[in-house]
Structure formats: structure tokens, C-alpha cells
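Working notes, beginning with the structure itself.
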Amino acid sequence: MKSKVVGVALLACCAWANAASFSYTGPAVPIPDGADLSGNNPGAAVSAPITVSGLTQPIAKVTMSIDGQTCTATAGATTVGIDHTFVNDLRISLRSPAGTTVVVIQNTDGSGNNLCQVVLDDDSSGPSIQTVVTASAPFTGNYTPNAPLSAFMGEDANGVWALQAQDFFSQDTGSIRAWTINITEMQAQAITFTSAAPVGAVVGGSPYAVTATGGGSNNPVVFSIDSSASAVCSIAGSNVTFLAPGTCVINANQAGNDEYSAAPQVQQTFQVAAVPVPKPITAVPTLGEWSLILLAAIAGALGLRAQRRS
Numbered sequence: 027m028k029s030k031v032v033g034v035a036l037l038a039c040c041a042w043a044n045a046a047s048f049s050y051t052g053p054a055v056p057i058p059d060g061a062d063l064s065g066n067n068p069g070a071a072v073s074a075p076i077t078v079s080g081l082t083q084p085i086a087k088v089t090m091s092i093d094g095q096t097c098t099a100t101a102g103a104t105t106v107g108i109d110h111t112f113v114n115d116l117r118i119s120l121r122s123p124a125g126t127t128v129v130v131i132q133n134t135d136g137s138g139n140n141l142c143q144v145v146l147d148d149d150s151s152g153p154s155i156q157t158v159v160t161a162s163a164p165f166t167g168n169y170t171p172n173a174p175l176s177a178f179m180g181e182d183a184n185g186v187w188a189l190q191a192q193d194f195f196s197q198d199t200g201s202i203r204a205w206t207i208n209i210t211e212m213q214a215q216a217i218t219f220t221s222a223a224p225v226g227a228v229v230g231g232s233p234y235a236v237t238a239t240g241g242g243s244n245n246p247v248v249f250s251i252d253s254s255a256s257a258v259c260s261i262a263g264s265n266v267t268f269l270a271p272g273t274c275v276i277n278a279n280q281a282g283n284d285e286y287s288a289a290p291q292v293q294q295t296f297q298v299a300a301v302p303v304p305k306p307i308t309a310v311p312t313l314g315e316w317s318l319i320l321l322a323a324i325a326g327a328l329g330l331r332a333q334r335r336s
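Each number in our numbering corresponds to the 1-based position in the sequence shown with 26 added.
In C-alpha cells, the structure reads:
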């Protein structure tokens, strides 16, 4: 069933380091009641949307809270994050801009009223939200969600997030009033070449050992030859061999991890020249037998003439 978006998304954002919080402060979103007590005919799903913008790195971690100023189990209370009698009726999901949906609360065993100041965090030291009991209402505190919020890791955080609620049983109603999403971005990393591109590289010349440093993920920097230069040079590990005249282009990449996004690819470019062709050596002409006889005759004639003059 398609969800129905009700209300206006308003923001209250306070960013620090690589994290930011965005809160819904629009009007209360009524949650339609289920049609009967079978659980097979739920009311329409509704959403309280938040638009996230201005984040530059993929998601490292998401936590969320169902807020509220004053926590009470009073039916219809306007100071809680979600007011609803018999919270067990509800399935509550968080949907990302990419369309990933995580069911964070699934028809808990708690039949009490209202959710207020509930923090859902995969790394919480508290129990699962699914373990709450009626006597604990209004439900408040730190919990792990029904399904892990790590499903959002690596996605682009910018866009519309929606807290969705759906009532599966009749006779109890309520509204979404206030909630917050907390997003920690992955940290950026960059690659820097630490070896200078060779000058005067020639085909078949000494290999070039390329080096570079990367970012905080501590993953290795991996080198490859760009497809545009595959006929000009090749690489094995970090040693570049020169194959043909042209432009050699070396790509450098570094993978990310849970905390760091992949580094943007950087390139190093240089020219490879052909092996210089040596100039031909001009041979000294040799004299044949008849040339030697002629030369001897000329020399003899010159010598005889010189004697007569003397």
C-alpha cells in the first residue's frame, strides 16, 4: 500500500563534526485506525517527512528518536512524540530518500499509551524496543530498533526521509507529533602522489616506481593504467613499464570502510618517447687495386718532375 504524506516538513538542524540532526516540527499527523481487530485490515500508512540537505559524504550511521517535551501516558497527549492508545497496534518504519525502509517498531508487546523521548540506536546498550511492556508506559529511553538502521549505511543522506506509521487494529488512535533523525557522515579521504612523474621516459627504458599516500581508512592505494593508455604503458604492483610512444596515465584509487568514503580517483600523466634512432656513420671510402696503381703512378710522375727541376 502506498503511503500518504501528510503535513509539512520543517527542519531544525544542528551540525557538528561529521554529524547532523534534523527534526520534524510540522503539524501532528493523524494515524488512521485499523478496520477491525483481525490485524489483516490496517489503516492507511501515513508519514511525517523531513528533508535533509547539505551533507556531502555517504551515510556512516543513522539513529533516530521519537521526541516529546513532557512524557505522559495520557491518551491524546500533545507533548509526546507519538501519542497512541495501545501502542501494540502500530508498525513504525523509517524510509530513506533512496527508498530503503527499516521497520523500527513492529507491534510491540506493550499495550500502554504513547512513545516519548525514545532513542533508537543499533549500538544502544539498552534492550530492544520490542521488549517493552505495558507497565512501562509511556515508553521512553534508549533501545535498539526492531531492524537495524545500518541498512542505510553508504547511501546519500540528502532528500526526503519519512517516519511512517500504520495502525493494524481498530479502537485505538493517535498521531505522529515529533521525531528527529541523526545522521553521521563518512569522513572524506584523498590520495596524493608522492613520486614525481618521470621526465624523459622512453620505450623500454628503466621502469618507474609510482608511490602515493591515501586517507584515514588505511586501505591501500591501488594503481592501474587508464584504459586510454593501455598501449603506452603497463603496471605490475607499483612498477610502470613503457611500451610505446604516447601519453601514460596512471589511476590511483583507495577504497573506503565503515567510517571513510572511497577516495576520489586521481591521475598522474606523463609522456613516453620512442627510443632515439642513432645517426648513421659515414664510411671512409676504400681504394681498389687499380686506384692504388693510378695513385702510385701519379706520385711517381710528380717525384720524377721534381727531380728534373732540381
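The beta-carbon is built from N, C-alpha and C at its ideal position, and this holds for glycine as well.
Practice item. For serine 150, I'd like the list of residues in its chain whose CB is within less than 8 Å of its CB, leaving aside the five on either flank, ordered along the chain. Key: Counted from its first residue, the sequence shown places residue 150 at position 124. Counting only Cβ-Cβ distances below 8 Å, and skipping sequence neighbours, we find Asn168, Tyr169, Thr170.
Point to revise | Beta-carbon contacts of threonine 1 that lie in its chain and below 8 Å, excluding the five residues immediately before and after | key: Look at the range of the chain in this structure, 27 to 336, and you will see that residue 1 is not part of it.
Practice item. Count the C-beta pairs between the segment 143-157 and the segment 264-279 that are closer than 8 Å, then say yes if the count reaches three, no if not. Key: no
Point to revise | Runs of alpha helix (DSSP H) wholly within the segment 50-92 (minimum 4 residues, chain order) | key: none
**Study point:** Assigned secondary structure, alanine 227 (DSSP; H/G/I helix, E/B strand, else coil)
**Key:** Your numbering for residue 227 matches position 201 in the sequence shown. Looking at alanine 227 - three-state DSSP - the assignment turns out to be strand.
Practice item. Less than 8 Å between the CB atoms is what I'm expecting for glycine 107 and tryptophan 187, so what's the real figure, rounded? Key: By 1-based counting over the sequence shown, the position of residue 107 is 81. By 1-based counting over the sequence shown, the position of residue 187 is 161. Not really, about 15 Å apart at Cβ, beyond 8 Å.
Exercise for review: Could you spell out the range, first to last residue, of the beta strand (DSSP E) harbouring phenylalanine 195?
Suggested key: In the sequence shown, counting from the first residue as 1, residue 195 sits at position 169. Where phenylalanine 195 is concerned, there is no enclosing beta strand (DSSP E), given that its DSSP letter is neither H nor E.
Review point. Given a threshold of 16 other Cβ atoms within 10 Å of its Cβ, counted over all protein chains shown, does lysine 87 qualify as buried or as exposed?
Key: Along the sequence shown, one-based indexing puts residue 87 at 61. Classification for lysine 87: buried.
Exercise for review: Using 10 angstroms around the beta-carbon of alanine 257, count the other beta-carbons present and answer buried if the total reaches 16, otherwise exposed.
Suggested key: What you label residue 257 is simply residue 231 of the sequence shown in a count that begins at 1. Counting Cβ neighbours within 10 Å, alanine 257 comes out exposed, since fewer than 16 surround it.
Check your understanding: In terms of alpha-carbon separation, which member of Thr51, Gly60, Pro53 lies closest to aspartate 193?
Key -> The residue labelled residue 193 in the question sits at position 167 within the sequence shown. Taking only the C-alpha atoms, the option nearest aspartate 193 is Gly60.
Exercise for review: Helix, strand or coil for aspartate 115, going by three-state DSSP, please let me know.
Suggested key: Taking the sequence shown and counting its residues from 1, one reaches residue 115 at position 89. Helix.
**Study point:** Backbone secondary structure at leucine 120 - three-state DSSP
**Key:** Numbered from its first residue, the sequence shown carries residue 120 at position 94. Three-state DSSP puts leucine 120 in a strand.
Exercise for review: Check whether the Cβ atoms of serine 243 and asparagine 283 sit closer than 7 Å, and answer yes or no.
Suggested key: In the sequence shown, residue 243 corresponds to position 217, counting from 1. In the sequence shown, residue 283 corresponds to position 257, counting from 1. Contact: yes.
Review point. Would alanine 300 pass as a contact of valine 229 if the rule is Cβ separation under 7 Å?
Key: Stepping through the sequence shown from its first residue, residue 300 is reached at position 274. Stepping through the sequence shown from its first residue, residue 229 is reached at position 203. Yes, the pair counts as a contact, with Cβ atoms nearer than the cut-off.
Practice item. Within its chain, find whatever has a CB closer than 7 Å to the CB of proline 68; leave out the 5 residues flanking it on each side and keep chain order. Key: Indexing the sequence shown from 1 puts residue 68 at position 42. Once the five neighbours on either side are set aside, the close Cβ partners of proline 68 are Gly60, Gln192, Asp193, Phe194.
**Study point:** Helix, strand or coil at isoleucine 261 according to DSSP, with G and I counted as helix
**Key:** Taking the first residue of the sequence shown as 1, we reach residue 261 at position 235. It is a strand residue.
Check your understanding: Span of the beta strand (DSSP E) holding alanine 299?
Key -> Taking the sequence shown and counting its residues from 1, one reaches residue 299 at position 273. Per DSSP, alanine 299 belongs to the beta strand (DSSP E) from 289-299.
Exercise for review: Could you tell me the distance, in whole angstroms, from the CA atom of serine 201 to the CA atom of glycine 52?
Suggested key: The residue given as residue 201 occupies position 175 in the sequence shown. The residue given as residue 52 occupies position 26 in the sequence shown. For serine 201 and glycine 52, the distance between alpha carbons rounds to 12 Å.
Point to revise | Range covered by the beta strand (DSSP E) that runs through isoleucine 155 | key: By 1-based counting over the sequence shown, the position of residue 155 is 129. Premise fails: isoleucine 155 is in no beta strand (DSSP E) and is neither H nor E.
Review point. What is the rounded straight-line gap between the Cα of serine 119 and the Cα of cysteine 259?
Key: Working through the sequence shown from its first residue, we reach residue 119 at position 93. Working through the sequence shown from its first residue, we reach residue 259 at position 233. Each residue's Cα considered, the two are about 53 Å apart.
Exercise for review: Report the option in Pro84, Ala74, Ala54 whose CA atom is closest to the CA atom of alanine 214.
Suggested key: Looking up residue 214 in the sequence shown gives position 188. Closest option to alanine 214, Cα to Cα, is Pro84.
**Study point:** Short Cβ contact (7 Å threshold) for glycine 102 with aspartate 93
**Key:** What you label residue 102 is simply residue 76 of the sequence shown in a count that begins at 1. What you label residue 93 is simply residue 67 of the sequence shown in a count that begins at 1. No, they are not a contact pair.
Check your understanding: Roughly how many angstroms lie between the CA atoms of leucine 146 and threonine 89, to the nearest whole one?
Key -> On the sequence shown, residue 146 is found 120 positions in, with the first residue counted as 1. On the sequence shown, residue 89 is found 63 positions in, with the first residue counted as 1. The alpha-carbon atoms of leucine 146 and threonine 89 are separated by roughly 6 Å.
Check your understanding: Between the Cα of threonine 100 and the Cα atoms of Lys305, Gly138, Pro302, which residue gives the shortest distance?
Key -> Taking the sequence shown and counting its residues from 1, the one referred to as residue 100 is at position 74. With distances taken between Cα atoms, threonine 100 lies closest to Gly138.
Exercise for review: May I have the straight-line CA-CA distance separating methionine 212 from alanine 54, to the nearest angstrom?
Suggested key: Indexing the sequence shown from 1 puts residue 212 at position 186. Indexing the sequence shown from 1 puts residue 54 at position 28. Taking the straight line from one Cα to the other gives about 33 Å.
Point to revise | Distance, arginine 203 Cα to threonine 104 Cα | key: Reading the sequence shown from its first residue, position 78 is the one you call residue 104. Reading the sequence shown from its first residue, position 177 is the one you call residue 203. One C-alpha to the other measures close to 8 Å.
Point to revise | Three-state secondary structure assigned by DSSP to threonine 134 | key: Position 108 of the sequence shown, counted from the first residue, corresponds to residue 134. Three-state result, threonine 134: coil.
**Study point:** Neighbourhood of isoleucine 261 by C-beta distance below 6 Å, restricted to the same chain and skipping five residues each side
**Key:** Within the sequence shown, the letter at position 235 stands for residue 261. Cβ neighbours of isoleucine 261 beyond the five flanking positions: Phe249, Ile251.
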